[in-house]
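Student:
There are 2 protein chains.
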Amino acid sequence: MKSISASRIIHMVNEAHRQPPGSIKAHILVAAKAEFAQYGFEGARMQRVADRAALPKPNIHYHFKSKQQLYLAVLERIIESWNLAFDQVSQESDPAEALEAFIRQKLKQAQQDPAASRLFANEMIQGAPNLKHYLNTSMRSWVQDRALVIKQWMLAGTIGDVDPERLIFLIWSATQHYADFQVQALSLLNRAEFDDPVLTETADFLVTFILRGCGLSPRDRPS
Amino acid sequence: MKSISASRIIHMVNEAHRQPPGSIKAHILVAAKAEFAQYGFEGARMQRVADRAALPKPNIHYHFKSKQQLYLAVLERIIESWNLAFDQVSQESDPAEALEAFIRQKLKQAQQDPAASRLFANEMIQGAPNLKHYLNTSMRSWVQDRALVIKQWMLAGTIGDVDPERLIFLIWSATQHYADFQVQALSLLNRAEFDDPVLTETADFLVTFILRGCGLSPRDRPS
DNA sequence: GTTATTACTGACCAAACGGTCAATATCTTA
DNA sequence: TAAGATATTGACCGTTTGGTCAGTAATAAC
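Chains F and G, in that order, are what the protein sequence lines are.
Per the working numbering: the first sequence = residues 1 to 223.
Per the working numbering: the second sequence = residues 1001 to 1223.
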């Protein structure tokens, strides 16, 4: 195995992953995301990435040194874009409103970029070989922050008794599943595609159901 | 592409997939399930299947003609084992009891055979290239039968207002996620492994939460 | 307009891939 | 125990894989 230090790899990736939207690197990253999402790291083929990007294969290798590095660049881009949607919530927020916003946002994310969701799913299924650190640091503290707020809501009596970590995990699973298992969902719901009407119906169901699960009623909306 | 008719493939698979538990074919199928679950079809390597089974590679090819056929045999075995757990439920069943049994059963399945769950997840992520027919026939009618019972419960007022298909999908997602995203769940819950105590806590949470989401209280249990 | 740098690509390579095959061992049954 | 069928395997094959490289085009700097 070539001895390239982890920090050097991370440095190179950091250079590569934030590209102006129209750039060729950004274009390759989009193609690679789709490929890795569908086939996983080992199943992905550099030739197919090139075909998806409509570029010769060596061109891909010019911009990204190796398959591994391309994968890491895609992965970092996804995590970063998810962190941007790091919505603010506090003890003072209304639980129903905050949870509803969170559910709708997660579901919209899953619909707008199912490839990102599937790539992440592949990484988790394989035991997160490239995201173990993320799971034990950023993700964990993010969850703990939110869990603390939920616990405070519980103490204040503005929400029912629920395990906050498991609640967050359930919301993630319920929303992500519509991206990862889209074919199953569409067959089950007898729909052709995951379009806006399906999104709205699904979001409404999830909000109602989960809020009820938390001992809350969904706030009234103009109908 | 070789022209082998679909029925011939299915016939061959049917011959292969039900093996006495101690047989070599069964042993290979277990190894292959783990490999396909972790890497997906394209990412799986026949050599690694052989290594997992502690057999020379040609031995695998003696028992299963091709990678594709081995994969199909594993898939059929999983679907079949899931169909065996086809628990009976009717209009007369108690909704809370029936849902609780369903949730606990699904979660236990996910814990006892996470590889099966992950293999299925991989197949869904790729758009179910080998399970489209299953999704549109067996799975669909299974869901519709259960959905009908849930609708009757709703008419009888023994359960709150919920979209039955989406409820089933949510239960699947919430339970399967603990197998597919096990590393994430363990990190989030600060646990080392998905053992029986975690299983029980998780099942209790899911039962309470989902029943509340359906407008039900979990039936009392001796504590 | 020359030069230096960056971007691109057809042709190629060693290694790994799924799969084969002839030779051998191990069971069945008469 | 001979004969046939089944099971096993070391050595091998054509193809595909991730990746390279020399040569060329395009761009930027002076």
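Yeah, the Cβ is synthetic: ideal placement off N, Cα and C, and Gly gets one too.
Quick caveat, the model's predicted, so the values are computed rather than measured.
I want to see whether chain G comes within less than 9 angstroms of residue 112 (chain F), judged by CB atoms only; does it?
Tutor: As a working mapping, residue 112 (chain F) is identified with position 112 in the first sequence. Taking Cβ atoms only, chain G never reaches closer than 9 angstroms to residue 112 (chain F), which makes this a no.
Student: Return no unless some Cβ of chain G is closer than 9 angstroms to the Cβ of residue 221 (chain F).
Tutor: Start at 1 with the first residue of the first sequence, and residue 221 (chain F) comes out as number 221. Residue confidence is low: residue 221 (chain F) scores 48 on pLDDT, short of 50, so the model does not pin down where it sits. Its coordinate-derived value is still stated next. Answer no: the Cβ-Cβ gap between residue 221 (chain F) and chain G never drops below 9 angstroms.
Student: In this structure, how does DSSP classify residue 1043 (chain G) when only helix, strand and coil are distinguished?
Tutor: As a first step, residue 1043 (chain G) must be located in the second sequence, where it is residue number 43. DSSP places residue 1043 (chain G) in helix when its eight states are reduced to three.
Student: Per the contact definition of three or more C-beta pairs closer than 8 angstroms, is the stretch 79-96 of chain F in contact with the stretch 142-149 of chain F?
Tutor: At 8 angstroms Cβ cutoff, the stretches touch.
Student: If you check the beta carbons only, do residue 1028 (chain G) and residue 1070 (chain G) fall under 9 angstroms apart?
Tutor: Residue 1028 (chain G) sits at position 28 when you count from the first residue of the second sequence. Residue 1070 (chain G) sits at position 70 when you count from the first residue of the second sequence. A contact, by the Cβ cut-off of 9 angstroms.
Student: Nearest-angstrom Cα distance between residue 1144 (chain G) and residue 50 (chain F)?
Tutor: Residue numbering aside, residue 1144 (chain G) sits at position 144 when the second sequence is read from its first letter. Residue numbering aside, residue 50 (chain F) sits at position 50 when the first sequence is read from its first letter. Approximately 43 angstroms, taken between the alpha carbons.
Student: Hey, out of G:1044, G:1064, G:1183, whose CA is closest to residue 135 (chain F)'s CA?
Tutor: Here residue 135 (chain F) refers to the residue found at position 135 of the first sequence. Residue 135 (chain F) has its Cα closest to that of G:1183, out of G:1044, G:1064, G:1183.
Student: For residue 1056 (chain G), which of helix, strand or coil comes out of DSSP?
Tutor: For the purposes of this step, residue 1056 (chain G) is taken as the residue at position 56 of the second sequence. Of the three classes helix, strand and coil, the one that applies to residue 1056 (chain G) here is coil, per DSSP.
Student: Taking the alpha-carbon positions, what's the residue 1015 (chain G) to residue 1046 (chain G) distance?
Tutor: For the purposes of this step, residue 1015 (chain G) is taken as residue 15 along the second sequence, with counting starting at 1. For the purposes of this step, residue 1046 (chain G) is taken as residue 46 along the second sequence, with counting starting at 1. Because residue 1015 (chain G) sits at a pLDDT of 38, beneath the cut-off of 50, its placement in the model cannot be relied upon, and the following sentence gives the value as read from the coordinates. Each residue's alpha carbon lies about 21 angstroms from the other.
Student: Could you give the distance in angstroms between the alpha-carbon of residue 1208 (chain G) and the alpha-carbon of residue 1099 (chain G)?
Tutor: Sequence index remark: in the second sequence, residue 1208 (chain G) carries index 208 (1-based). Sequence index remark: in the second sequence, residue 1099 (chain G) carries index 99 (1-based). Spanning the two alpha carbons is a distance of roughly 11 angstroms.
Student: Determine the closest residue to residue 158 (chain F) out of F:54, F:94, F:83, with distance taken between C-alpha atoms.
Tutor: Taking the first sequence and counting its residues from 1, the one referred to as residue 158 (chain F) is at position 158. Measuring from the Cα of residue 158 (chain F), the nearest candidate turns out to be F:94.
Student: My assumption, with CB atoms under 8 angstroms, is that residue 1117 (chain G) sits in contact with residue 1179 (chain G). Please give the rounded CB distance.
Tutor: Position 117 of the second sequence holds residue 1117 (chain G). Position 179 of the second sequence holds residue 1179 (chain G). Confirmed, about 4 angstroms.
Student: Just the C-alpha distance for residue 176 (chain F) and residue 1175 (chain G), rounded to the nearest angstrom, thanks.
Tutor: Stepping through the first sequence from its first residue, residue 176 (chain F) is reached at position 176. Stepping through the second sequence from its first residue, residue 1175 (chain G) is reached at position 175. Approximately 13 angstroms between the Cα atoms of the pair.
Student: So for residue 157 (chain F), helix, strand or coil by DSSP?
Tutor: Counted from its first residue, the first sequence places residue 157 (chain F) at position 157. Looking at residue 157 (chain F) - three-state DSSP - the assignment turns out to be coil, as it is neither helix nor strand.
Student: Cβ of residue 168 (chain F) less than 9 angstroms from any chain G Cβ?
Tutor: Position 168 of the first sequence, counting from 1, holds the residue named residue 168 (chain F). Yes, residue 168 (chain F) lies at the interface with chain G (some Cβ there is under 9 angstroms from its Cβ).
Student: With a threshold of 9 angstroms between beta carbons, is residue 1202 (chain G) in contact with chain F?
Tutor: One-based indexing of the second sequence puts residue 1202 (chain G) at position 202. Chain F, which has a Cβ nearer than 9 angstroms to the Cβ of residue 1202 (chain G), makes this yes.
Student: Between the C-alpha atoms of residue 196 (chain F) and residue 112 (chain F), what's the straight-line distance to the nearest angstrom?
Tutor: Here the question's residue 196 (chain F) lines up with position 196 in the first sequence. Here the question's residue 112 (chain F) lines up with position 112 in the first sequence. Those two C-alpha atoms are separated by around 10 angstroms.
Student: At a CB distance below 7 angstroms, what residues from the stretch 1043-1057 of chain G approach chain F? Give them in sequence order.
Tutor: Per Cβ criterion, the list reads 1043.
Student: When DSSP labels each residue in this structure, what does residue 1074 (chain G) get in the three-state scheme?
Tutor: Here residue 1074 (chain G) refers to the residue found at position 74 when the second sequence is read from its first residue. Helix at residue 1074 (chain G).
Student: For a cutoff of 9 angstroms on Cβ pairs, would you count residue 62 (chain F) as touching chain G?
Tutor: As a working note, residue 62 (chain F) is residue 62 in the first sequence. For residue 62 (chain F), the answer is no, since every Cβ of chain G falls outside 9 angstroms of its Cβ.
Student: How should residue 1077 (chain G) be labelled, buried or exposed, when 16 other C-beta atoms within 10 angstroms of its C-beta is the threshold for buried?
Tutor: Here residue 1077 (chain G) corresponds to residue number 77 of the second sequence, with the count starting at 1. Residue 1077 (chain G) is buried by the Cβ-count criterion.
Student: Report buried or exposed for residue 1122 (chain G), applying the criterion of at least 16 other Cβ atoms within 10 angstroms of its Cβ.
Tutor: Residue numbering aside, residue 1122 (chain G) sits at position 122 when the second sequence is read from its first letter. Counting Cβ neighbours within 10 Å, residue 1122 (chain G) comes out buried, since at least 16 surround it.
Student: Comparing the C-beta of residue 132 (chain F) with each C-beta of chain G, is any distance below 9 angstroms?
Tutor: Within the first sequence, residue 132 (chain F) is the residue found at index 132, counting from 1. Yes, residue 132 (chain F) counts as interfacial toward chain G.
Student: For residue 36 (chain F) and residue 131 (chain F), which I take to be in contact (beta-carbon distance under 8 angstroms), what is that distance rounded to the nearest angstrom?
Tutor: The count along the first sequence starts at 1 and reaches residue 36 (chain F) at position 36. The count along the first sequence starts at 1 and reaches residue 131 (chain F) at position 131. Contact flag wrong, Cβ pair sits at about 13 angstroms.
Student: Between which two residues does the alpha helix (DSSP H) containing residue 986 (chain G) stretch?
Tutor: Chain G is shown only over 1001 to 1223; residue 986 (chain G) falls outside these bounds and no answer can be derived.
Student: Quick one: what does DSSP say residue 197 (chain F) is sitting in, helix, strand or coil?
Tutor: If you number the first sequence from 1, residue 197 (chain F) lands on position 197. Helix, per DSSP.
Student: Excluding sequence positions up to five away, which residues of its chain have a Cβ less than 8 angstroms from the Cβ of residue 1193 (chain G)?
Tutor: Your numbering for residue 1193 (chain G) matches position 193 in the second sequence. Excluding sequence neighbours, residue 1193 (chain G) sits near 1186.
Student: Run through DSSP, which three-state label would residue 1186 (chain G) get?
Tutor: Numbered from its first residue, the second sequence carries residue 1186 (chain G) at position 186. DSSP places residue 1186 (chain G) in helix when its eight states are reduced to three.
Student: What does residue 124 (chain F) reach in chain G if we use C-beta pairs closer than 7 angstroms?
Tutor: Taking the first residue of the first sequence as 1, we reach residue 124 (chain F) at position 124. Chain G residues near residue 124 (chain F): 1180, 1181, 1183, 1184.
Student: CB residue 1163 (chain G) to CB residue 1215 (chain G), shorter than 9 angstroms?
Tutor: Working through the second sequence from its first residue, we reach residue 1163 (chain G) at position 163. Working through the second sequence from its first residue, we reach residue 1215 (chain G) at position 215. No, Cβ-Cβ distance for residue 1163 (chain G) and residue 1215 (chain G) is not below 9 angstroms.
Student: Residue 206 (chain F) to residue 1204 (chain G), Cα distance in whole Å?
Tutor: Within the first sequence, the letter at position 206 stands for residue 206 (chain F). Within the second sequence, the letter at position 204 stands for residue 1204 (chain G). C-alpha separation (whole angstroms): 20 angstroms.
Student: The alpha helix (DSSP H) that contains residue 1191 (chain G), what's its start and end?
Tutor: Here residue 1191 (chain G) corresponds to residue number 191 of the second sequence, with the count starting at 1. From DSSP, residue 1191 (chain G) is part of no alpha helix (DSSP H); its letter is neither H nor E.
Student: Could you tell me whether the Cβ of residue 74 (chain F) comes closer than 9 angstroms to any Cβ of chain G?
Tutor: Taking the first residue of the first sequence as 1, we reach residue 74 (chain F) at position 74. So, not an interface residue.
Student: Here's a check: name, in chain order, each residue in its chain whose Cβ is nearer than 8 angstroms to the Cβ of residue 1106 (chain G), leaving out the five neighbours to either side.
Tutor: Within the second sequence, residue 1106 (chain G) is the residue found at index 106, counting from 1. Cβ neighbours of residue 1106 (chain G) beyond the five flanking positions: 1171, 1172, 1175, 1176.
Student: Hey, out of G:1039, G:1133, G:1082, whose CA is closest to residue 1110 (chain G)'s CA?
Tutor: Working through the second sequence from its first residue, we reach residue 1110 (chain G) at position 110. Comparing Cα positions, the closest option is G:1082.
Student: Give the interface partners of residue 191 (chain F) over in chain G, defined as CB-CB distance under 7 angstroms, in chain order.
Tutor: For this step, residue 191 (chain F) is matched to residue 191 along the first sequence. By Cβ distance, chain G contributes nothing, its closest Cβ being about 11 angstroms from residue 191 (chain F), past 7 angstroms.
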